[in-house]
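Novice: The UniProt record's numbering numbers the first residue of the sequence shown as 1 and each following residue consecutively.
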Amino acid sequence: MIGLRHPLLLLVAVPLVIWAWRVVYRWGIPASRPSGRLARLSSHWLPPLVALALGLAAAGPEWRRPLRGVAPVVDFAVVLDGSSSMQILDRPDEDRWHAARRTLAQFVLRRPEDRFALVLFSAHPVTLSPLTSDHTRLLRMLARLDLDSRDDGTAIGSALMTAVRRLEDSPARSRVILLITDGVQNRGRVTPQEAAEEAHRNGIRIHTVALGTDGESLVPLEGGGFARLRVEVDHATLKEIAHLTGGESFSAEDPGGLARSLAAVDQLEKTLLPVDPPTEGQPLARWCLLAAALLTLPLALDLAFKRGRPRPAWVVGP
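#1: For the ligand NAP, is there any heavy atom lying closer than 7 Å to the beta carbon of F116?
#2: Give every residue of the same chain whose Cβ lies closer than 8 Å to the Cβ of N202, excluding the five residues on either side of it in the sequence, and list them in chain order.
#3: Return the CA-CA distance between V12 and L131, expressed in angstroms with no decimal places.
#4: Please return the same chain residues whose Cβ sits closer than 6 Å to the Cβ of I241, not counting the five positions on each side in sequence.
#5: Would you mind working out which of L49, A300, P283, V79 sits nearest A155, comparing C-alpha positions?
#6: Could you spell out the range, first to last residue, of the beta strand (DSSP E) harbouring L178?
#7: Which of the three DSSP states is assigned to G212 in this structure?
#8: Return the bridge partner residues of T132 from the DSSP annotation.
#9: To which residues does DSSP link S249 through a beta bridge?
#10: Can the beta-carbon of D234 be found less than 8 Å from the beta-carbon of M86?
#11: What's the gap between the Cα of G247 and the Cα of D146?
#12: Look up D95 in the DSSP assignment and give the residues it is bridged to.
#13: Nearest-angstrom Cα distance between residue 336 and S251?
#14: Give the single residue among H135, F116, A99, D134 whose Cα lies nearest to the Cα of T127.
#15: Specify the secondary structure class of E269 as computed by DSSP and reduced to three states.
#16: Let's test the definition: count the other Cβ atoms within 10 Å of the Cβ of residue 321 and tell me whether it reaches 16, buried, or not, exposed.
#17: Taking A57 as the reference, which of P7, A100, K239 has the closest Cα?
#18: Looking only at its chain, what residues have a beta carbon closer than 7 Å to the beta carbon of G157, apart from the 5 residues adjacent to it on each side?
#19: Closest by CA to L290, which one among S42, L52, W21, G3?
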């Protein structure tokens, strides 16, 4: 089917067509003098058709066709905690941050037909990637991602609301937010419950994964050595927001538990529901411009032929 990339720009053609119709071309192809039928029709129709072709070109016409085999089964928005507590070592050789990125990469690889958005949050959420099916780019982004301790905190509600905005216009029938966090909300103006209610209104499920356990844990220091950091995980709130949206809540005390949790999400979101496939647009503006050039050609040739000749007496105007 044919669609317009910028349909409002088609309004530009309206005054152009009206002007071209009212100001009839009369130099060399007379409209009011006795002349051939072709000349009279040309003087009336060529200028409006040129204006219409230029207006269509500005609106960005394109031929849209469905893409087969790449329709998203599920659209995911991954909400990843980037607070300083993610540096905690749940086992000697890997902290929570590296375990989360590694396991997320495996999760993405297991779902080649799905699209993913990535939201990183600490005190404030940041959308690192909108919905994309370019998994190679997403995996490279995950591999390069690093923590920034200058903006520390845990704004779970704001991060979830950002994820809802990333998914609310998605055409997929199944839309899911995957929240991975190891703390309690202590920043942000939006509560996790408010964000969960907004997700529920938009038909979006939230699955939550709580990393680590309550109590003191070891955190590596920049100059070497370790410090003990006490972190609490808000299991009750995570279960509540998952329940409000029809999702599931998981607990992962170590990287192995995180892998099992994401494997469970992978099984929950195996859906065969039909989806509205995305479309691919083939631009048609160049054909509109070519049509305008061809329609202008007889007018240009006529003006070139009459160039330098005296204007006939019957032509009205200066």
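C-beta atoms are modelled at their ideal positions from N, C-alpha and C, and glycine is treated no differently.
Specialist: Per the coordinate set shown:
#1: Judged by which ligands are present, the structure shown has none, so any question about the ligand NAP falls away.
#2: V164, L167, E168, R175
#3: 33 Å
#4: P192, A196, I206
#5: V79
#6: 174–181
#7: coil
#8: F116
#9: T208
#10: no
#11: 29 Å
#12: L89
#13: What is shown of the chain runs 1 to 318, which leaves residue 336 out entirely.
#14: F116
#15: coil
#16: A query on residue 321 cannot be resolved here, the shown segment of the chain reaching from 1 to 318 and no further.
#17: P7
#18: Q185, G188, V190, T191, P192, E194, A195
#19: L52
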